[in-house]
Each structure stands twice: as structure tokens, then as C-alpha cells.
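Structure record follows, encoded as C-alpha cells.
Protein chains: 2
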Amino acid sequence: MTKSKYILLLAFHALFISSMIAQDLKTPTLEDLIPGGETYRYAENLYGLQWWGDQCVQPDIDKVELINFSNGKKQSITTRQKVNQTLQENGLDTISHFYNISFPSKDKKEMLFNVKGNYVVYNWGNHQVVSKRAYPSNAANRHYNDVSGNLAYTVDNNIYVNDQQVTNEPEGIVCGQSVHRSEFGIRNGIFWSPTGNKLAFYKMDESMVTEYPLVDITSRIADTNNIRYPMAGMTSHEVSVGVYNPSTGKTIYLNTGNPKDRYFTNISWSPNEDKIYLIEVNRDQNHAQLCEYDAATGNLDRVIFEEKHDKYVEPQYPIVFLPWNDKQFIYQSQKDGFNHLYLYNIDGTLVKQLTQGDWLVQEVLGFNTKTKEVIIASTELSPLQRNTYRVNIANGKRNLIGNADGVHRAALSNSGEYIIDNYSTPTVARNIEIVRAKDNRSQLLLTAENPYKDFVMPNIQTGTIKAADGVTDLYYRLITPSNLDSTKQHPAVVYVYGGPHAQMVTNGFQNGARGWDLYMANKGYVVFSIDNRGSSNRGLDFENATFRNLGIEEGKDQAEGAKFLQSLPYVDGERIGVHGWSFGGHMTTALLLRYPEIFKVGVAGGPVIDWKYYEIMYGERYMDQPENNAEGYEATNLNNLAGNLKGRLLMIHDDHDDTCVPQHALSFMKACIDARTYPDLFIYPNHKHNVMGRDRIHLHETITRYFEDHLNNKK
Amino acid sequence: MTKSKYILLLAFHALFISSMIAQDLKTPTLEDLIPGGETYRYAENLYGLQWWGDQCVQPDIDKVELINFSNGKKQSITTRQKVNQTLQENGLDTISHFYNISFPSKDKKEMLFNVKGNYVVYNWGNHQVVSKRAYPSNAANRHYNDVSGNLAYTVDNNIYVNDQQVTNEPEGIVCGQSVHRSEFGIRNGIFWSPTGNKLAFYKMDESMVTEYPLVDITSRIADTNNIRYPMAGMTSHEVSVGVYNPSTGKTIYLNTGNPKDRYFTNISWSPNEDKIYLIEVNRDQNHAQLCEYDAATGNLDRVIFEEKHDKYVEPQYPIVFLPWNDKQFIYQSQKDGFNHLYLYNIDGTLVKQLTQGDWLVQEVLGFNTKTKEVIIASTELSPLQRNTYRVNIANGKRNLIGNADGVHRAALSNSGEYIIDNYSTPTVARNIEIVRAKDNRSQLLLTAENPYKDFVMPNIQTGTIKAADGVTDLYYRLITPSNLDSTKQHPAVVYVYGGPHAQMVTNGFQNGARGWDLYMANKGYVVFSIDNRGSSNRGLDFENATFRNLGIEEGKDQAEGAKFLQSLPYVDGERIGVHGWSFGGHMTTALLLRYPEIFKVGVAGGPVIDWKYYEIMYGERYMDQPENNAEGYEATNLNNLAGNLKGRLLMIHDDHDDTCVPQHALSFMKACIDARTYPDLFIYPNHKHNVMGRDRIHLHETITRYFEDHLNNKK
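Taken in order, these protein sequences are the chains called A and B.
Residue numbers for the first sequence follow my numbering, beginning at 2 and rising by one.
Residue numbers for the second sequence follow my numbering, beginning at 2 and rising by one.
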């Protein structure tokens with residue numbers, strides 16, 4: 002795009018905005034814009050909206066209502082008063098709202114909720130407590146099985162079922178919790194069989210993992226919180242999978258064999274509960290095996306199939322059996338370059354590839370058993386989007402459910418014939434509709450008011466430029482001040498993440514812009530983000546272009562983005578700053594060190610500085626082990642580049658960061674001191690990897706102030 | 002002083018300096034000015050200059066020379082070549098210079114030195130090794146007794162004599178090292194009896210003291226170095242005194258009784274080696290007892306006398322027996338308001354006060370047995386000075402030895418008839434003379450060249466203003482740029498310490514100005530220091546005015562200093578900054594919080610923020626225990642004032658600071674975050690309480706940059 006075209010466009014914006022200002026719009030503060038702020042403006046929502054069978058249910062504080070799909074009318078099924086009366090008669094604690102209820106049965110008039118110390122199934126037809134299940138006050142990771150009514154939970158590092166202690170392990174061995182540092186899609190450590198008659202669970206021995214000391218300065222005398230942190234190349238934890246049978250009280254462990262430091266991922270049960278499936282990944286993470294184990298003996302039945310890749314494989318989704326055929330399952334793989342669905346027979350023979358194309362499946366949402374369709378979320382319409390499709394298993398035909406815009410989160414009804422479609426678009430913060438899959442007929446439940454309708458808001462636009470490879474399209478988001486004077490030179494700030502598993506630019510509300518981006522644009526900065534190669538939703542080749550050299554190709558793309566910024570007539574090319582957190586903290590630091598002629602001021606939060614200080618699971622996937630990739634570790638170790646620091650760099654780290662440990666930032670300080678360069682530093686005490694809650698406002702004022710001090714004052 | 006007078010004075014300076022610049026003076030860098038800098042300019046010195054009996058000896062690299070007092074002529078007594086030849090013949094390691102030799106005998110031709118693994122006594126008359134004493138390579142705290150040739154040392158936490166292990170204590174109990182965190186003048190833990198036949202030593206049980214975790218980020222994965230750090234009000238360590246007899250191999254401990262957390266200070270031996278004297282201080286530090294113990298049994302013979310004070314007593318000097326009368330000793334006390342000498346009989350009866358006046362004795366240097374004089378250093382001529390006097394024990398008459406200027410360090414000859422007088426004045430970096438006490442006849446050995454003679458140097462002046470009490474004189478030092486334009490408004494920086502035991506303004510070289518002070522003045526700042534009430538060399542009332550409220554009166558005096566600065570025509574009263582370290586870090590922070598209208602920018606290094614995080618020994622002396630002075634602790638806790646921060650404050654802390662633990666700075670960060678104020682922070686990894694060595698240059702560049710960013714750019 003030529004400069005003149007931009008000038009025209011911006012002249013229009015300037016006119017448009019100045020008329021809006023005349024209406025006395027308020028300028029939003031960080032408190033308005035940042036989650037945790039006292040006046041943060043959440044988009045309206047319908048909390049707890051869900052399905053009871055195929056009926057949409059809207060919980061509220063005092064009542065629960067069914068919503069009629071045809072006319073949107075609501076009908077109360079029960080009130081809090083009634084429920085609490087019954088609970089009190091049963092000697093149970095009361096509920097203060099209905100937002101956390103769920104429906105264990107598709108047709109019985111039963112709701113499940115949690116009162117202090119008990120799971121309660123309540124029948125709203127006869128106002129009876131159907132069942133209750135008690136748990137102690139220190140129970141964590143609670144998993145209630147709807148069918149059996151069994152409850153599994155952890156106390157400290159051990160697992161319990163219905164008050165029976167299942168494991169009795171010492172400190173250093175953790176049961177029933179997420180393992181492998183929650184990579185490979187792992188989110189928890191408790192897996193009920195479909196009917197809740199058996200429980201699979203993770204046991205992680207991390208006693209051999211080196212402890213990292215995090216210092217708590219809020220105690221009378223500072224105290225150490227040691228975390229077991231497995232660093233790249235070092236000894237890893239060892240995970241096993243237990244199977245507990247509540248009816249016998251017996252536990253067996255799967256015989257997963259050697260080596261012990263493999264990854265045991267994506268646990269799932271066979272529909273008949275006799276088998277357990279794992280996707281096992283070697284430590285190098287270039288070889289995955291779908292394994293079937295006998296749930297009674299723990300023996301390996303067979304390796305159903307395997308998948309290899311020169312760079313890495315990254316299974317993130319358990320296999321899912323077809324509800325109508327327990328001999329066939331769906332397996333997700335990026336083996337053709339994009340995450341797609343494959344239908345397999347249980348013997349490991351491929352039936353067919355269900356989806357295909359230069360786009361990817363983001364999630365399997367469920368099935369419609371009647372139409373024999375699988376319902377998915379995918380990027381088929383745009384890499385910036387997430388839309389819902391039904392895919393016919395027999396013929397592969399795909400049909401969009403809901404509209405073609407934006408970013409959709411769908412919740413399927415029991416039959417799969419309806420979805421609750423919660424979505425946003427660049428200009429709509431949230432729409433919630435019930436959509437009937439077969440004809441896309443919809444019932445609108447909510448269009449959220451723009452949370453910033455009374456505020457001055459900058460202009461947001463998106464577009465593409467070419468990556469440093471000259472071929473690949475990269476999506477950017479450009480935010481300009483509402484009162485942009487295109488004849489003046491504005492400082493620009495790049496907000497960067499840049500790592501895998503994330504995407505900054507979307508077709509969601511405000512194109513994914515963060516509150517701080519808007520704040521800075523309102524202060525007169527041009528704010529820019531671009532999703533470089535290595536980021537998500539663009540397929541495997543796009544992502545793994547960075548293999549063994551994290552940050553380098555990504556930086557080249559960000560430099561292209563900055564050059565684009567410099568081409569804009571209203572951007573002062575000598576005043577480009579950059580800010581990012583975590584991987585984005587690495588990128589920020591790397592950009593200042595590798596492109597000092599472009600990036601003059603940076604604020605790097607919770608950065609990775611040297612990948613050898615990062616965890617094994619994520620780190621070795623992309624970087625291999627240090628001893629196998631010494632060159633890559635050297636090239637990407639920003640401590641080696643500390644002498645290049647010319648601009649102003651503020652590094653921020655949290656002293657309880659258990660994701661990127663403080664060693665990253667502090668080792669960089671030491672490297673700079675040794676090299677006689679001069680970074681700035683700030684520490685947020687008692688925060689983990691991100692500064693959350695109220696202090697997040699303070700953080701963003703600190704970040705802002707740094708750019709105001711060093712980028713904006715150079716006018 | 003009126004403003005016009007200043008203007009005249011400065012106009013003169015401006016003329017004077019501009020003519021100097023014409024001579025192509027260099028502008029000194031931080032490397033030139035800060036110790037640790039690659040080009041740091043030490044004043045010339047005569048290393049190892051000392052006495053052999055009454056003969057002055059000057060060691061060199063290749064030879065040792067005697068200096069004739071009358072004519073200054075030098076005569077070599079031996080050469081390195083000769084000594085090393087003998088050493089090699091004896092299978093010993095060689096020496097690379099003579100700077101570390103000493104003379105165990107006043108008349109024998111014997112010198113003592115240390116070669117790898119051995120103490121060696123060498124006779125330069127017959128070129129023989131007289132004796133050698135071996136020690137292992139991990140021996141520390143080595144104390145060699147000249148008379149007996151016995152050697153005591155420590156390995157880890159235990160003590161050894163001549164390779165015999167004396168103590169065998171587990172981790173947490175430390176023997177033979179300094180105790181009570183080196184307060185009360187304590188510098189080591191090994192005390193030979195005069196002839197080296199018995200050894201007194203400290204044993205410190207600190208197993209009950211809470212550990213503070215210091216994190217070392219330079220190891221592969223960050224590791225914790227725990228230090229036993231007794232914080233104010235918490236459980237203290239327990240010290241006992243052992244007595245070891247090398248001839249029997251037996252150790253006894255003094256029966257010091259209860260309570261255990263008292264202070265056992267200022268160990269000394271009776272001349273006949275039968276008795277040991279301690280000055281015992283209660284934990285409240287307001288009651289001292291001079292105690293005599295039987296060195297054979299460890300039993301307390303008697304309390305010779307005691308001393309109490311409403312605020313605190315602080316014995317810092319062991320008693321010293323008169324060389325010609327082993328029934329009389331000199332005791333130092335501030336009981337009349339200034340540290341003076343008192344002569345006591347061994348039975349505890351006072352013979353007389355030996356010195357008296359509104360000045361204080363700084364050190365007892367020794368005696369002249371012939372004239373029955375004690376030689377002292379004192380502030381009699383000026384509180385900014387240290388001069389040498391001989392005091393006649395019989396009649397109290399004092400005579401100055403050496404000249405009346407500056408700051409003198411004197412080393413007595415064996416008889417006490419001569420001193421080596423090493424001194425500086427505001428304009429002379431170092432003079433070294435031999436002075437004969439009886440007639441002040443002197444032999445000049447060295448006048449050091451001005452290390453900055455080729456450099457642009459600012460103007461330094463001193464003066465007094467009244468303290469905040471309106472009565473007390475306070476001494477200041479004012480440094481102005483060499484090219485001061487008195488018609489312009491200059492930013493000013495106050496360098497502050499402010500705590501007890503230290504003095505910033507002296508009549509030593511450059512009036513005690515530090516390299517950074519000169520650097521900043523050269524950059525155009527007016528640099529100012531003033532010794533507030535609470536600082537040293539002004540007597541007890543001056544010091545203890547701050548009791549139970551450290552930092553508050555001190556701050557009032559510093560504010561007076563700043564107002565004086567604001568009265569100067571060439572100072573921009575709106576641009577006053579402040580910098581200090583340790584107690585000075587506390588002061589810097591306190592001044593920004595308590596006087597935000599005066600102090601706009603500060604750099605606080607290694608500060609105390611909350612006295613409850615500081616150590617028991619120093620902290621409770623001045624602040625009492627937190628439970629006994631809750632009000633004082635609250636009032637002086639700067640975390641309570643975090644919300645007052647308006648200016649710019651950079652706080653710097655070292656991550657291995659075992660004096661002011663990092664909890665100080667980090668708790669202040671948290672307090673400011675909670676209060677939504679915005680300090681800056683920097684951390685120097687792997688440094689203790691001060692950034693030393695090469696990194697000290699980096700530190701001062703960081704400090705400078707902060708003032709340049711925030712104080713100087715507001716022109």
C-alpha cells in the first residue's frame with residue numbers, strides 16, 4: 002500500500018473522530034482498560050448459559066430459566082428460595098446463585114451443584130435432594146462423575162475417591178494433578194471412565210528434579226518456596242498412569258516401560274471402559290505412539306500406530322470414539338501440514354482423512370449421532386477466525402453453523418442439533434445465539450453493548466505484509482490515535498508475543514487488541530502487532546520454521562513489520578518501541594539486541610533469556626536438548642548479545658515466576674553488567690508468570706511510563 | 002554567608018579554572034575516579050613500611066631497606082634473590098615481593114613471612130630459615146603468634162592450632178571467627194595470649210537463628226545460599242569464649258552464665274596470661290560489665306565495674322594494661338559525652354581520667370615506656386581530623402606528634418619514640434614522614450603527587466551550618482563545577498550517609514570527596530554532603546539524638562542542608578537530587594518520602610527500609626527491640642510512607658547483600674505497588690552489601706544515568 006493511500010484513509014479517520022470527540026467522550030484510563038482495574042469494562046455476558054439435553058438453560062442469581070428456541074421466551078424452572086429451603090432441610094449449606102450448576106442427566110429434572118463441602122444433585126420437580134457427596138475442606142482438583150456419583154480429588158500430593166485414600170506418596174511425588182507442565186494439552190490428572198466405575202490418574206515422581214528457589218519476601222524473614230523445575234537438558238520427572246477401581250479399592254499402574262522420561266499424554270478410555278489409550282512421546286518429541294493398555298492388568302495390548310516428524314510431533318488431543326461405533330475413533334494430526342481429523346478403525350487401519358485443506362481444525366466439539374456428523378471449530382474461513390462446522394463422517398461434507406464472521410465458541414446440545422454460539426467480531430464485543438445446526442436458524446439471546454461506547458477509542462485496522470521469507474503472508478493489526486494528525490510523526494510501539502500456541506491478531510472484538518494497546522494509541526502512539534512465523538493457526542510449516550533457533554526467524558518477521566511501520570507517513574521511524582511478555586519478553590529483548598537501528602526502546606516482561614533455563618517440555622520440543630543443539634542454544638542465548646544493547650530496555654520479572662524463572666532476567670542483568678551495557682529492571686514481588694489482579698494496573702503504568710520517559714520525550 | 006559573597010568566590014574559580022582548561026586538562030572518567038576502574042588513580046604509597054624495633058623498614062619487590070631517620074638514606078638488608086635461594090634450599094615456596102613481611106623481634110635479624118602453606122621466620126644475617134609452621138590450603142583466619150610460633154586458624158567452622166583440631170562442632174556453630182556481626186569493635190575470633198601459650202577464641206551457636214535465603218543465579222539452576230541472619234526482635238545467636246592450651250590440648254569455656262543472648266565483647270588477656278577480660282553487654286545494650294575470668298577454670302573472678310546509659314553503651318575497645326604496671330589498665334568510655342581514656346587499678350578503682358574535653362579519642366596507638374606516655378589519635382584539633390598525641394600518664398599533659406593538619410594514621414616504633422606518620426590534607430593525597438615524638442623532628446619519605454594533576458577537577462569547599470535543632474554546627478562539603486557559571490541554575494545532588502560510625506566530611510584529601518562526587522560536579526552538578534546528627538566523631542549526644550527513631554532527626558538536618566543549597570544563587574532549588582548507600586540508602590528514600598517538595602530524584606543503594614529486617618546487634622542498639630519500640634519502628638518503616646513517593650526514586654540492591662538483605666528493597670517495591678506509586682529498581686547479581694571491583698564502574702554509570710535522565714534533563 003502506498004503512503005498516499007494511507008494519508009487519505011487517515012484523513013478520513015481524523016474527520017470522523019474529531020466529530021465524535023465533540024460528543025464529550027471520555028478518555029479511558031488503565032483502570033477502565035486492563036482486567037483487574039477497578040472500572041474495567043467487561044463485555045456483557047450470560048454466565049452459566051448451557052444445555053439440559055436439548056433445552057437451553059439460563060441460570061441467574063435467584064432463578065433458573067429455560068429458553069424457548071423458537072420464540073426466545075423464558076420459563077423459570079426453579080428459584081433459589083425453593084432450592085435453599087430444601088438444602089437447609091437437609092442440613093446443607095445454601096447457594097448464593099445458580100451460575101455454577103450443571104445438568105448430569107439429559108432428561109431428568111436434576112441439577113448438580115456444589116455447596117460448602119458437598120456435591121448435591123437436586124431434583125427441581127419434586128424439590129428433593131437426590132444425592133450428596135461430601136469432601137473435606139482441603140480437597141483440590143475435584144472431579145465428580147455424573148453417572149456414578151463418584152468424586153475424586155486431591156489433598157496435597159495424594160489422590161482420594163469418596164474419602165478413600167488412593168495413593169500415599171511422599172513429598173516429591175504428585176498424584177492426580179496435571180503433569181508434563183501442562184504441555185500436550187494436559188490440563189488435569191484425574192480421568193474418570195465414562196460411567197465413573199474406574200479412575201485413571203497421573204502420578205508424577207519429581208523427586209529427582211532440581212529445585213528452583215523462589216523467595217517470598219512477605220514473610221517475617223524472607224522464605225524460600227522451592228519448585229521442582231525441570232530445565233532443558235537436565236533430569237526430567239517420571240510420569241506413570243494409575244488405574245483405581247472404587248469397587249475393589251485396588252490400584253494398578255500401566256506398564257509403560259522405559260525410558261522413564263517419556264511423555265504420557267492424552268489419556269482416554271474405551272467406551273466399554275476396558276482399555277486406556279495414551280499417546281506416548283519420546284523425550285526428543287519426534288516420535289509419538291498411540292498405545293492401548295488393558296485397564297485391568299496395566300499391560301500394553303499394542304501400539305495402534307505411530308507418527309514421526311523430523312522436527313517434532315505435538316499430540317494435543319485424545320482420540321475420540323464415534324458415539325455410534327465403538328470400533329472407530331477420530332485422531333487429530335498435523336501430518337499433512339495442518340491439524341486435521343483422521344478416522345481410524347480400532348485395529349489401527351485408516352478409514353479416511355475426514356478434513357483436509359490449507360486451514361486447520363481447532364477443536365472437536367462433539368457429535369450429532371442422528372446425522373452422523375462431527376462438530377468442529379476451524380480456521381477454514383480465515384486464519385484469524387474460529388467458526389463452527391458440522392462434518393459428515395460418511396461423505397466429508399462440511400456445513401457452517403452460525404455466521405461466517407469472527408471468533409466463535411460453541412457449546413453443543415446433547416443431541417448435537419443445537420449450539421450456543423458465543424462469538425465476537427471486530428466491532429461486536431459479544432453475540433450469543435442459539436443456532437440450529439441443520440438450517441442455521443438462530444435465536445439471538447444477547448448482543449453486548451460496546452463496553453467503550455462512551456469512550457474515545459483509536460482506529461484499528463488489519464492487513465497483511467510479507468514475512469522475511471518474501472512469500473508468507475503475515476497478519477498485522479495497526480492501531481492509530483483517534484485524533485491522528487497524519488502530517489505529524491508519531492512514536493510507534495510494537496506489541497509482540499511471537500511464540501507458538503498464540504495469535505495476537507484475530508477477527509474477534511477489536512481484532513484482539515489489548516486494553517494497553519488502546520491506551521497507548523490514545524496517548525498518541527501508533528500501536529502495531531504482527532503474528533510472525535512460529536505463531537499459531539497457520540499450520541505446521543509456518544510454526545516450525547523456527548525449530549532449533551527460537552526467536553531468530555520470528556525477529557526477522559518482526560523487523561519486516563517495523564519496516565512497514567517506518568513506511569507510514571505518520572510514524573517516526575526513529576522512535577519505534579517494542580513490548581512483550583514471556584516469549585514476547587524474549588522477542589522484545591532480542592529485537593533491541595539484534596535490530597538496535599530499528600527498535601530504540603523496549604519493555605520486556607517475564608522473558609526467556611536463555612533457553613537452557615526454560616523447562617524441558619516446551620523448550621526441548623522447539624530447541625532439542627542443549628547437548629544436541631549447542632549452536633542453537635548459543636545463537637538464541639540473549640546473554641551472548643548483551644553487549645549489543647544500545648537503546649533503552651526495561652526488563653520486568655515477577656519474583657514468583659514459576660514459568661520463566663527469575664534467573665532469566667537476572668542473568669541478563671549480569672551479562673549486561675559484564676558487557677557494560679545498561680538495561681533497567683523492575684521486580685513484582687509475589688506474582689507468578691503474569692502480574693494479575695489489581696497490580697496489573699500498576700504494571701501497565703510502569704510500562705507506559707517507560708515509553709513516555711524514553712520514547713515519547715524524544716520529540 | 003550571603004549570596005553575593007558566593008558569587009564573588011565563584012567568579013574567581015571560574016577564572017582560575019578556565020585558564021587551567023587551556024592547558025589541555027583531561028576530564029576524568031568513572032574508570033579514573035572509582036576504585037575498581039581500569040585507570041583508577043591511587044595516590045602513591047610506600048607499601049609495607051613498618052618498624053623493626055626503632056628502625057624504619059621499607060620493603061620492596063626485590064629488596065628490604067632500612068631508612069636512616071637522620072638523613073633519610075636507605076640501606077639494603079637483604080634481597081629477594083638471597084631469600085628465595087634459601088627458601089628453595091629448604092624445600093619451601095618462594096616470595097614474589099617483600100610487602101607482606103613483618104618483624105617478630107625488635108632486635109633479632111628475623112623477618113616473618115608467609116609462603117604457600119607455611120609461615121617462615123627468616124634470619125637475614127645468616128641466611129637461615131629459623132623456623133617454619135605449616136598450614137593446610139583451606140586454612141582461613143590464620144593467627145600466628147610471634148613469641149611462641151604457634152599458629153591458630155580455622156577450617157570451615159572449626160578451629161585448629163598447629164594442625165591439632167581444637168573444636169569439632171556441626172554446621173550452625175562457628176568457632177574462631179568474628180561474632181556479634183562484627184559490632185562492638187569485634188574483627189576476629191582468635192586471641193593469642195601475649196606469649197602465645199594460650200588461645201582464647203569465640204564460639205558462636207547460630208543454629209537457632211533464622212536463615213535468610215540469598216539466591217545465586219549464576220549456577221546452572223539458581224541455588225540458595227542461606228545465611229543465618231538474626232533480625233531485630235528475633236532469636237539471637239549465643240556466643241561463648243573458649244580457652245585452649247596447646248601444651249595440654251585442653252579447652253575450657255568461660256562460665257558466662259545467663260541470659261545466653263548477651264554480647265561478649267573486647268576480649269583481652271592479663272599480662273601474666275592468667276586472666277581474661279570481657280566487656281559483657283546485655284541484649285538491651287544499656288548495661289556493660291567489665292568482667293575478669295580465670296583462664297584456667299573459666300570461672301568469673303569478679304565484675305570489675307559496670308557502665309550504664311539510658312540509651313545505649315557501646316564498648317568498642319578492649320582494656321589495655323600499662324606496659325610498666327600490670328596492675329593498671331586504660332579503659333575507654335563515652336560516659337562524659339566523648340570517648341576518653343580512664344586509668345583504673347586492677348581492683349576497679351579509678352585512678353584518674355586521662356583525657357577530657359569536647360573532643361574524642363579515636364584510638365590508643367601504644368605507649369612510650371620510657372616517658373610513661375600513651376600515644377593516641379584524637380579529634381582535639383578538629384572533628385574533621387585525626388591527629389597523633391602523646392599523653393603523659395602522670396600529669397595528663399598532651400603533645401602533638403606530627404603536624405596539625407589533616408587525617409593522620411600513625412604506626413609506633415617499638416619504643417614509642419618514633420612514628421611513621423601517613424597523612425593526607427585537603428590538597429595533599431598522602432605524605433609519609435618519620436616523626437620523632439620528643440621534638441617532632443621529622444624525615445619526609447614521600448609526598449604523593451596529586452593523582453588528578455592532569456585532570457579537570459571541581460572546586461571543593463567546606464563549612465558549617467546549623468542543624469535542625471538550631472544549635473549544633475554541622476560540617477558540609479560543597480563541590481562546584483570547575484567551569485561554574487554562577488549566573489546559571491545548576492542541578493544539585495546530595496550524597497548522604499547519615500548513620501553512626503561514619504563521617505563524610507573530613508580534612509583528608511579532597512575533604513573526603515568520593516570519585517563520583519567529583520565526576521558529577523564535572524558534569525555540571527553541584528554536589529553536597531553534610532554530616533547530620535547521628536554521625537561519628539562528634540560525641541555521644543550528637544550521635545544518640547537519633548535513638549529509637551533512626552532517620553528522622555537525621556533527615557531534618559539533611560533538609561537544612563538542602564535549604565542551604567537552595568539559597569545558593571547557582572543552584573536550581575527545584576532540581577535537588579540525593580544519593581546514598583546502606584544507611585544512606587535509607588536516608589535517600591526517607592528524604593524523597595518525607596521531603597518531596599525538596600528532593601526530586603534519588604538513587605538509594607542497599608537501603609534499610611524497615612529496621613525490623615535489620616540485624617539485632619546494630620539495630621537494637623539504636624532502635625531497641627520492635628516489641629519495646631513499636632512506635633519508633635512504625636514511624637521509621639519507610640514502607641509505611643511508600644504512598645508519599647512523588648519524585649523519581651531508583652532503588653538498587655545486591656542479590657547477595659548479607660548486611661541489608663534484599664527484603665528491604667523488595668518489600669519497598671511491594672509497598673509502592675500496593676500504594677500505586679512508581680519507584681525504579683535495579684539488582685546487581687552476586688554482589689554483597691556493596692558493588693565492588695570492576696562492576697563498581699557500572700554501578701556509578703547507572704546512578705549517573707538516572708540523574709541525567711530525571712534531574713538534568715529538566716532544564
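Just so you know, even glycine gets a beta-carbon here, dropped at the ideal spot from N, CA and C.
- Sequence-distant Cβ neighbours of A:G644 in its own chain, meaning closer than 7 Å and more than five residues away, are A676 and T678.
- Between B:N641 and chain A, the shortest Cβ-Cβ separation is not below 9 Å.
- Per DSSP, reduced to three states, the secondary structure at B:G644 is helical.
- Residue contact with chain B for A:Q664: present (Cβ-Cβ distance below 9 Å to some residue of chain B).
- A direct Cα-Cα distance of roughly 48 Å separates B:N629 from B:G417.
- When rounded, the separation of the alpha-carbon atoms in A:M670 and B:D655 is 12 Å.
- If you check each beta-carbon in the stretch 608–620 of chain A against every beta-carbon of chain B, the ones closer than 9 Å belong to K613 and Y614.
- No Cβ-Cβ contact shorter than 9 Å links B:Y213 with B:V495.
- Rounded to the nearest whole angstrom, the C-alpha separation of A:E45 and A:S194 is 37 Å.
- Take B:S208, set aside five residues on each side of it, and the residues of its chain with a beta-carbon closer than 6 Å to its own are G173, in chain order.
- For the 9 Å CB-CB criterion, A:M505 and A:T590 do not form a contact.
- The stretch 407–415 of chain B makes no contact with the stretch 464–481 of chain B, as fewer than three CB pairs between them are under 8 Å.
- As the crow flies, the alpha-carbon of A:K117 is around 8 Å from that of A:L93.
- The criterion of a C-beta distance shorter than 9 Å is not satisfied by B:E239 and B:Q286.
- Neighbours of B:T465 in chain A, taken as residues at a C-beta separation under 8 Å, are lacking, since the least C-beta distance is about 38 Å.
- In this structure, the beta-carbon distance from A:G585 to A:P570 does not fall below 9 Å.
- Excluding residues up to 5 positions away in sequence, I331, H341, L342, Y343, L344, V375, V392, I394 and G397 lie with their Cβ nearer than 8 Å to the Cβ of A:L355 in the same chain.
- Annotation: Cβ neighbours of A:S668 in chain B (cutoff 7 Å, chain order): I218.
- The C-alpha of B:Y43 lies about 36 Å from the C-alpha of B:Q335.
- Interface residue (Cβ-Cβ distance to chain A less than 9 Å): B:N638 is not classified as such.
- Among the residues of chain A, those whose CB is under 9 Å from the CB of B:L682 are D681, L682, F683 and I684, following chain order.
- In the DSSP annotation of this structure, the continuous segment of the beta strand (DSSP E) that includes A:E212 starts and ends at E212 to D217.
- Taking C-beta separations shorter than 8 Å and ignoring five residues to either side along the sequence, the partners of B:N85 in its chain run T95 and I96, following chain order.
- For the pair B:T211 and B:D217, the CB atoms are not nearer than the 9 Å cut-off.
- Chain A has a Cβ within less than 9 Å of the Cβ of B:D224.
- Assignment of B:C661 by DSSP, reduced to helix, strand and coil, places it in the coil class.
- Just measuring C-alpha positions, the residue of B:K110, B:E364 and B:S138 sitting nearest B:Q129 is B:K110.
- Annotation: the continuous alpha helix (DSSP H) that includes A:L31 extends over L31 to L34.
- In this chain, the beta strand (DSSP E) harbouring A:V121 covers N119 to N124.
- Counting only Cβ-Cβ distances below 8 Å, B:P214 has contacts in chain A at P214, V216, A223, D224 and T225, in chain order.
- With its beta carbon less than 9 Å from one in chain B, A:N687 belongs to the interface.
- Nearest to A:W360 by alpha-carbon distance, out of A:I68, A:P384 and A:L366, is A:P384.
- Within chain A, the residues I218, T219, P686 and N687 have their CB atoms less than 8 Å from the CB of B:K671, given in chain order.
- Residues of chain A whose Cβ lies closer than 7 Å to the Cβ of B:T703 are, in chain order, Y679.
- Bounds of the alpha helix (DSSP H) holding A:D542 are L541 to N545.
- Interface residue (Cβ-Cβ distance to chain A less than 9 Å): B:T298 is not classified as such.
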